[in-house]
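Going down the list, the protein sequences come from chains A and B.
The opening residue of the first sequence carries number -18 in this note's numbering; numbering runs sequentially from there.
The opening residue of the second sequence carries number 2 in this note's numbering; numbering runs sequentially from there.
Note that the Cβ used here is the ideal one computed from N, Cα and C, for glycine as well.
A quick write-up on the structure given underneath.
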Amino acid sequence: MAGHPVGLHSPPLQRCIGYLPDQPVFYGWMTGWEYLTFVGNIFGLGGREVRRRCEALLALVELTAVARRRIGGYSRGMKQRLGIAQALINQPKVLLMDEPTSALDPLGRIEVLETLLRLKEQQTTVFLSTHILADAERVCDQVAIINKGRLLVQASVDELRQRFATPVYELEIEGPPDPLVAALKNLAWVQRVEITQGQHESLLRVHVRDPLQAGRELPKLVVQSGLILRRYEQVLPDLEDVFVKLVGTEVA
Amino acid sequence: MTTLVLLKKELTEHLRTHKLLIVSVLLLVFGMASPLVLAYLPKILEMVGENLVVQVPDFIPADAVKSYLDSLGQVGLLAAILISMGAIALERERGTAVLVLSKPVGTGSFVVAKLLGLGAVLLAGMVAGALGNYGYTAVLLDRPDVTSFVAANLLAGLYLLAVISLTLFFSTLIRNQIGAGVASLGVVLAGGLLSLVPALEPYLPSSLMHWAYSVNAGDGDSRWAALAVTWALIIVCSVASWRVLHRQEM
């Protein structure tokens, strides 16, 4: 990694990387500023340089206002962002992040994702592992899917969608969806149907093998089933579809 | 360089978490209490029972110092184990060590900084206790001989430093601070049992306490072999902690 062999306690490698564990734990008695200075000092930074980097990183992760507060009083999202800042103090070539958003509430998650998007503008390669595929879709240029320790595929999000995701039609219908679902399941061009049932209407996600045929047939089938079609559109398949297809095939 | 950075962090931590203050106050109290109790013992006995007839010897400064050395061998020893049992185990249990050791920090530096930091807490406590003990003894009884007093305190301090390095080793090995404390206390108690064997006694670190008592009493009963073994134990425990930590994944 970064031109160095990977192994336990390898200072030359450790100088080039930044690391953020899934739930970073800090010394609660330190302030955010003190912790960053401490990490900067470990990397041999001192005086004005460490001060400059601390200020810049605290601004990047939007913690300037609480920099002089003890970390023990930080929220999880704030700790996660401080974790990103400490991982960047040495201006690493590679930044490794283990599920950076998994333990966060929606607001904290958005904060961290926005920080990652800002990082993309800098010259750092970010590796992150996540089970939240929407996050990967939002911030990653390249995605690698690993199942049971084996790399299944690595490509850009768009490429994965094109290669692996089946086209999806979303139908919002009024009335019981059962007759329509039964009809769909017997058709060769339908791969699978996901149903989200509401009180009066249902949302059907129909994964199809032949999008042209589906585009022609689906509205007709809704009418033949005696249902009212509220909404009908072809949607862009997401990473979750790709994941299900790849890992599902593996499991099967 | 990184050792100094880590040591600075250790010292700040001991200050902020009041470890340094607690150990200093504890040993100061015991240091002051020893001459106080001896000086006022006749009056205390008088107050307890009017008809009680107890022959109280005339106490000399060495008695107050001996009483303080007793406290160091018991309370000081427990304090040494308590302050060091979580030093590494707790950092790993909580996860703070993962972040620090993912940086270019040598595991040797990490262990040395821990030992020096804890040594500094012990030193501060010993200085506070010694000042309290010397001052109160001088005021209430008489001035103890400075050379003997300092030598006895240094010997007791070195013994406690060996206990700290032993506990630090178990804190690295066991990953659980209670377990580390119990293991260390177990070894210390086993050492106490071994000291009952006359052939082994002169070589055990606990003999440094015996030497300290002798120095205080003005005897020439030295334990040079125990001094060498104690230094060796401190070095071996530190190196072993470093090697164990180096081989372990966080």
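Residues that residue i contacts on chain B, provided the C-beta gap is smaller than 7 Å
i: A:Asn22; result: Val6
i: A:Arg(-4); result: Pro105
i: A:Tyr8; result: Glu14 and Thr97
i: A:His(-10); result: Thr108 and His247
Chain A residues whose Cβ lies nearer than 8 Å to that of residue i
i: B:Lys44; result: The contacting residues do not exist; B:Lys44 stays about 45 Å from chain A at best.
Local Cβ density within 10 Å of residue i, reported as buried at 16 or more and exposed below that
i: A:Gly207; result: exposed
i: A:Glu175; result: exposed
i: B:His19; result: exposed
i: B:Ala229; result: exposed
i: A:Arg131; result: exposed
i: B:Tyr135; result: buried
i: A:Gly179; result: exposed
i: B:Ala184; result: buried
i: B:Asp220; result: exposed
i: A:Asp222; result: buried
i: B:Thr138; result: buried
i: A:Ala46; result: exposed
i: B:Leu194; result: exposed
i: A:Gly229; result: exposed
i: A:His181; result: exposed
i: B:Val1; result: Since the first and last residues shown for chain B are 2 and 251, residue 1 of chain B lies out of range.
i: A:Leu100; result: buried
i: A:Gly64; result: buried
i: B:Ala81; result: buried
i: B:Cys172; result: Strictly speaking, residue 172 of chain B in this sequence is Ser, with Cys absent from that position. When all chains shown are included, B:Ser172 counts as buried.
i: B:Glu11; result: buried
i: A:Leu88; result: exposed
i: B:Met86; result: buried
i: A:Leu(-11); result: exposed
i: B:Met2; result: exposed
i: A:Ala163; result: exposed
Integer-rounded CB distance, given that residue j should sit under 8 Å from residue i
i: B:Leu167; j: B:Leu234; result: 7 Å
i: B:Gly192; j: B:Ser207; result: 5 Å
i: A:Tyr16; j: A:Phe7; result: 6 Å
i: B:Leu100; j: A:Pro2; result: 7 Å
i: A:Pro73; j: A:Gly(-1); result: 4 Å
i: B:Ala65; j: B:Leu39; result: 5 Å
i: A:Ile154; j: A:Leu165; result: About 12 Å separates the two Cβ atoms, so there is no contact after all.
i: A:Val187; j: A:Val204; result: Their Cβ separation, rounded to whole angstroms, is 15 Å, which puts A:Val187 and A:Val204 out of contact at 8 Å.
i: A:Tyr213; j: A:Leu193; result: 15 Å between Cβ atoms; not a contact.
i: B:Ala213; j: B:Ala63; result: About 12 Å; that fails the 8 Å criterion.
i: A:Ile113; j: A:Ser83; result: 7 Å
i: B:Leu162; j: B:Gly120; result: 6 Å
Within chain A, the residues that residue i reaches when beta carbons sit closer than 9 Å
i: B:His211; result: Those within 9 Å of B:His211 in chain A number zero; the least Cβ separation is about 40 Å.
Proximal chain A residues relative to residue i, where beta-carbon distance stays under 7 Å
i: B:Met48; result: Near B:Met48 there are no residues of chain A at all, since even the closest Cβ is about 45 Å away, more than 7 Å.
i: B:Lys10; result: Phe19
i: B:Met2; result: Gly25
Neighbour list for residue i in chain B, Cβ cutoff strictly below 9 Å
i: A:Gln235; result: Since the first residue shown for chain A is -18 and the last is 233, residue 235 of chain A is missing from the structure and cannot be characterised.
i: A:Tyr0; result: Val99, Leu100, Ser103 and Lys104
Chain B residues whose Cβ lies nearer than 8 Å to that of residue i
i: A:Gln67; result: Leu100
message = Beta carbons nearer than 7 Å to chain A: which residues of the stretch 86 to 99 of chain B have them?
response = Arg95, Gly96, Thr97 and Val99
inquiry  = Tell me which residues of the stretch 194 to 208 of chain A have at least one Cβ-Cβ distance to chain B shorter than 8 Å, keeping chain order.
reply    = none
task = Select from the stretch 59 to 74 of chain B all residues with a C-beta closer than 8 Å to any C-beta belonging to chain A, and list them in chain order.
result = none
message = Please identify, using Cβ separations under 9 Å, the residues of the stretch 14 to 32 of chain B that lie next to chain A, in order along the chain.
response = Glu14, Arg17 and Thr18
inquiry  = Contact between the stretch 211 to 219 of chain A and the stretch 140 to 153 of chain A is defined here as three or more beta-carbon pairs at a separation below 8 Å; is this criterion met?
reply    = yes
Residues from the stretch 21 to 51 of chain A in contact with chain B, defined by Cβ distance under 8 Å = Asn22, Ile23, Phe24 and Gly25
ask   = Are the stretch 75 to 92 of chain B and the stretch 141 to 151 of chain B touching, with three or more C-beta to C-beta distances below 8 Å?
value = no
query = Can at least three beta-carbon pairs, one atom from the stretch 198 to 206 of chain B and one from the stretch 215 to 231 of chain B, be found at a separation below 8 Å?
reply = yes
task = Give, in chain order, every residue of the stretch 158 to 175 of chain B whose Cβ lies closer than 8 Å to some Cβ of chain A.
result = none
message = Within 8 Å, do at least three Cβ pairs link the stretch 25 to 33 of chain B to the stretch 64 to 80 of chain B?
response = yes
key: Inter-stretch contact (C-beta, 8 Å, three-pair minimum) for the stretch 154 to 168 of chain B and the stretch 115 to 130 of chain B   = yes
query = Is the number of C-beta pairs between the stretch 34 to 52 of chain A and the stretch 91 to 103 of chain A that are closer than 8 Å three or more?
reply = yes
message = I'd like to know if the stretch 106 to 126 of chain B and the stretch 6 to 23 of chain B are in contact, where contact means that at least 3 CB-CB pairs between them fall below 8 Å.
response = yes
message = Three or more C-beta pairs under 8 Å: does that hold for the stretch 54 to 63 of chain A against the stretch 102 to 122 of chain A?
response = no
ask   = Per the contact definition of three or more C-beta pairs closer than 8 Å, is the stretch 24 to 35 of chain A in contact with the stretch 12 to 26 of chain B?
value = no
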